[in-house]
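Enquirer: These protein sequence lines are chains V and D, in that order. Under the working numbering, the first residue of the first sequence carries the number 839, and numbering increases by one thereafter. Under the working numbering, the first residue of the second sequence carries the number 839, and numbering increases by one thereafter.
There are 2 protein chains.
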Amino acid sequence: MNTGDDFEHLSLHISPDLDTVCYTLAGIANPDTGWGLQDDSFVTLRAVDELGGASWFGIGDRDLATHLLRTTRLSRCETLSDITRDLCRRWGIVHPVYPMSDDPVRTLVHTDTGDTLAFQEYFVHQKFQPVVTSFEFKGARNALPVREALEKLKRCDLVIIAPSNPWVSIGPILAVPGYQEVMKDKVVIAISPLIGGRALKGPAAKMYAELGIRPCASAVADHYRDLITGFVLDTLDRDQLEIIQRWAIIPLITNVIMKDRQDRVRLADEVLRFGKTVLNRSL
Amino acid sequence: MNTGDDFEHLSLHISPDLDTVCYTLAGIANPDTGWGLQDDSFVTLRAVDELGGASWFGIGDRDLATHLLRTTRLSRCETLSDITRDLCRRWGIVHPVYPMSDDPVRTLVHTDTGDTLAFQEYFVHQKFQPVVTSFEFKGARNALPVREALEKLKRCDLVIIAPSNPWVSIGPILAVPGYQEVMKDKVVIAISPLIGGRALKGPAAKMYAELGIRPCASAVADHYRDLITGFVLDTLDRDQLEIIQRWAIIPLITNVIMKDRQDRVRLADEVLRFGKTVLNRSL
């Protein structure tokens, strides 16, 4: 998991990506917001606001317990991966979830005004309105990958890059030395987060445009070009098949939009089957 | 205000005495518990408990906002006295409230088992059941008094020591170099927290007994002997008048028990009038 958008806020260490993935796997995520817990209350955040504190980052009352425990344990020099393992056990999550590194990495957003923004400042506080000129993953070069995550990756035959934001969600993970190197020997398949030139949510398309790249599925394939063997794109993007194949990337065209659990299971099944085909072909 | 029972808990800096006094002055204190805010909820604390975190210290959801803001500002190297001033303003408190020091002082409780306990561990977690052998105010000797508090004290004619715990609530303040020195030139009046040999709440009487001193009003007068000119004791303790007068301390016998606001106003009035008499007598 990306920890480049972790940050310190209200004296808490917050790991937004870890939390969203864990809450989702535990079946307790808020389905409407894309962050936080279902049916959470916001008594503390309202009180913070009334006292003149920063309330722009949404923290529910139950969500706050996660941040308090994680921050407390980090302050005792426990690792983020150990803490994540324990929290996952508490939440009844059977899937292994790893932060990309136990070392701090911070995604910085350089903008056209010359300002550099911490990721959550850009993403949540300023609602990704500033125009991006480049990203920086501060600390990534010297960060160690989480050992168990790297070992697990080494034992994989197939790696699937989910339709997440290539710049700020996948990018920080790939910037930690180790993961890309291991993936070079694997069959890697990426799923396009851009469909018909747009991201279903978030600023991926906006980022591509601001960085001078036409936002489209093939731009994502190009992004991962050195890493991937296969690429999954939406039926809407059939016109980009030719260019992707020209790069010797094996395509799968399907419905990439996931509206509900059934869609997610269906897409996962299709991509896994596609992965096995690609795997057999590359043997 | 005593900050010897401040502590770090769940990654938060908590100032229990400051909070109780401020919440009370603001009229938002929980009248039943003696801590926390009226009508507060406990969603986060329950969630902390469910995740296996420490839930023995009561923190309500709105109360938590105070701790988050204070901790955030302390981590930016702002002083506790500046933060307290701002919070008081937010709460609409007109009285000046000062922490005794901006430097950390920690009350430690040495017990008969040889264990040394942090104050809240002793007081809240172990419900003041361990037997006390002595107290230590760690850091007090090198702590600086808050300048405004000391200046204000210097300008006072009369100092009233409230019927608070002499060992662990007043003791830490007096242990900070400066306050006692200034008080030596003042008319100081203490009000006994022991009535009929018992404290209305808390472990004051238990502490006296464990330290080998019979818990009674005169023991409190003896405690403050070098500091006080006058002493206020309950009508129940009329029998101790003689010993107190033998120490050349001027007594006021009245009803010291405060059950409601009316009682508090009445006692304050009486003590102030008594103070003026003592002041005139010592001129």
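Glycine included, C-beta positions come from ideal geometry on N, C-alpha and C.
Suppose only complete runs of 4+ residues qualify. What are the alpha helix (DSSP H) ranges in the segment 1073-1113 of chain V, listed by chain order?
Expert: The qualifying runs are 1079-1084.
Enquirer: Return helix, strand or coil for Glu916/D, following the three-state DSSP convention.
Expert: Three-state result, Glu916/D: coil.
Enquirer: Report yes or no: is there a C-beta of chain D within less than 7 angstroms of the C-beta of Gly842/V?
Expert: Cβ-Cβ to chain D under 7 angstroms: no for Gly842/V.
Enquirer: For the beta strand (DSSP E) containing Arg1052/D, name the first residue and the last one.
Expert: Premise fails: Arg1052/D is in no beta strand (DSSP E) and is neither H nor E.
Enquirer: Buried or exposed: Asp870/D, going by 16 or more other Cβ atoms within 10 Å of its Cβ?
Expert: Looking at its Cβ environment, which holds fewer than 16 other Cβ atoms inside 10 Å, Asp870/D is exposed.
Enquirer: Could one say the Cβ of Asp877/D lies closer than 7 angstroms to chain V's Cβ atoms, at least one of them?
Expert: Chain V, which has no Cβ nearer than 7 angstroms to the Cβ of Asp877/D, makes this no.
Enquirer: Tell me which residue opens and which closes the alpha helix (DSSP H) that Lys965/D is part of.
Expert: No alpha helix (DSSP H) holds Lys965/D; DSSP gives it neither H nor E.
Enquirer: Just confirm the distance between the C-beta atoms of Ser1030/V and Phe1069/V, as a whole number of angstroms; I'd bet it's less than 8 angstroms.
Expert: With a Cβ gap of about 7 angstroms, Ser1030/V and Phe1069/V count as contacting.
Enquirer: Thinking C-beta only, is Gly1016/V closer than 7 angstroms to Pro1053/V?
Expert: No, they are not a contact pair.
Enquirer: Just list the beta strand (DSSP E) runs in the segment 933-1000 of chain D, keeping only unbroken ones of 3 residues or longer that don't cross its boundaries, in chain order.
Expert: Segments of the beta strand (DSSP E) lying fully in the segment 933-1000 of chain D: 944-949, 954-956, 970-976, 996-999.
Enquirer: Does His933/D pass the burial test, meaning 16 or more other C-beta atoms within 10 Å, or should it be called exposed?
Expert: It is exposed - the Cβ of His933/D has fewer than 16 other Cβ atoms within 10 Å.
Enquirer: Would you mind reading off the limits of the beta strand (DSSP E) that contains Val1006/D?
Expert: Val1006/D -> no beta strand (DSSP E), and no H or E assigned at all.
Enquirer: So is Thr951/D buried or exposed if we call it buried at 16+ other beta carbons inside 10 Å?
Expert: Exposed is the call here.
Enquirer: Which residue comes first and which comes last in the beta strand (DSSP E) that contains Leu1065/D?
Expert: From DSSP, Leu1065/D is part of no beta strand (DSSP E); its letter is neither H nor E.
Enquirer: Any idea what DSSP makes of Ile852/V, helix, strand or coil?
Expert: Ile852/V falls in the strand class under three-state DSSP.
Enquirer: List, in order along the chain, the chain D residues whose C-beta lies closer than 7 angstroms to that of Thr909/V?
Expert: Chain D residues near Thr909/V: Ser849.
Enquirer: Quick one: using the 10 Å Cβ neighbour count with 16 as the cut-off for buried, is Thr1073/D buried or exposed?
Expert: The residue is exposed, with fewer than 16 neighbouring Cβ atoms inside 10 Å.
Enquirer: Tell me, please, whether the segment 900-916 of chain D touches the segment 842-860 of chain D by the rule of three or more beta-carbon pairs shorter than 8 angstroms.
Expert: Touching, yes, given that three or more Cβ pairs across the two stretches are closer than 8 angstroms.
Enquirer: Beta-carbon within less than 6 angstroms of Leu883/V's beta-carbon, same chain only, minus the 5 sequence neighbours each way: which residues are those?
Expert: Result list for Leu883/V: Ser893, Ile897, in chain order.
Enquirer: Under 7 angstroms between beta-carbons, which chain V residues line up against Gly890/D? List them in chain order, please.
Expert: In chain order: Arg928.
Enquirer: Applying the criterion that 16 or more other CB atoms from any shown protein chain within 10 Å of the CB defines a buried residue, is Trp1085/D buried or exposed?
Expert: With fewer than 16 Cβ atoms within 10 Å of its Cβ, Trp1085/D is classed as exposed.
Enquirer: Could you list which residues in chain D have their beta carbon closer than 9 angstroms to that of Ser913/V, in chain order?
Expert: Ordered by position in chain D, the residues that pass the 9 angstroms Cβ test against Ser913/V are Glu846, Ser849.
Enquirer: Taking 7 angstroms as the cut-off, decide whether the C-beta atoms of Pro1010/V and Val943/V are in contact.
Expert: Against a cut-off of 7 angstroms, the Cβ pair of Val943/V and Pro1010/V comes out as a contact.
Enquirer: Would you say Val886/D faces chain V, with C-beta separation under 7 angstroms as the test?
Expert: Yes, its Cβ sits closer than 7 angstroms to a Cβ of chain V.
Enquirer: Which residues does DSSP list as the beta-bridge partners of Ile1029/V?
Expert: Answer is Val1070/V.
Enquirer: For the ligand GTP, is there a heavy atom less than 6 angstroms away from the beta-carbon of Leu1117/D?
Expert: The ligand GTP is not part of this structure, which contains no ligands at all.
Enquirer: Relative to the alpha-carbon of Val1020/V, which residue among Asp877/V, Cys994/V, Thr917/V has its alpha-carbon at the smallest distance?
Expert: Of Asp877/V, Cys994/V, Thr917/V, the residue nearest in Cα terms is Cys994/V.
Enquirer: Strictly below 9 angstroms CB to CB, what residues from chain B border Arg900/V?
Expert: The question asks about chain B, but that chain is absent: this structure's protein chains are V and D.
Enquirer: With DSSP run on the structure shown, which of helix, strand or coil describes Leu1117/D?
Expert: Leu1117/D falls in the helix class under three-state DSSP.
Enquirer: If we define contact as Cβ-Cβ less than 7 angstroms, is Leu1106/D a contact residue for chain V?
Expert: Sequence check: residue 1106/D is Ala here, not Leu. With 7 angstroms as the cut-off, Ala1106/D does not count as an interface residue toward chain V.
Enquirer: Touching or not, the segment 960-973 of chain D and the segment 985-1000 of chain D, by the rule of three or more beta carbon pairs under 8 angstroms?
Expert: No contact exists between the segment 960-973 of chain D and the segment 985-1000 of chain D.
Enquirer: Run down chain V in chain order and give the residues with a C-beta less than 9 angstroms from the C-beta of Leu988/D.
Expert: None at all; the shortest Cβ gap to chain V is about 28 angstroms.
Enquirer: Taking Cβ positions only, does Ala864/V come closer than 7 angstroms to chain D?
Expert: No, its Cβ sits nowhere closer than 7 angstroms to a Cβ of chain D.
Enquirer: For a contact defined as C-beta to C-beta under 9 angstroms, what are the partners of Leu925/D on chain V?
Expert: Under the 9 angstroms cutoff, chain V gives Leu889.
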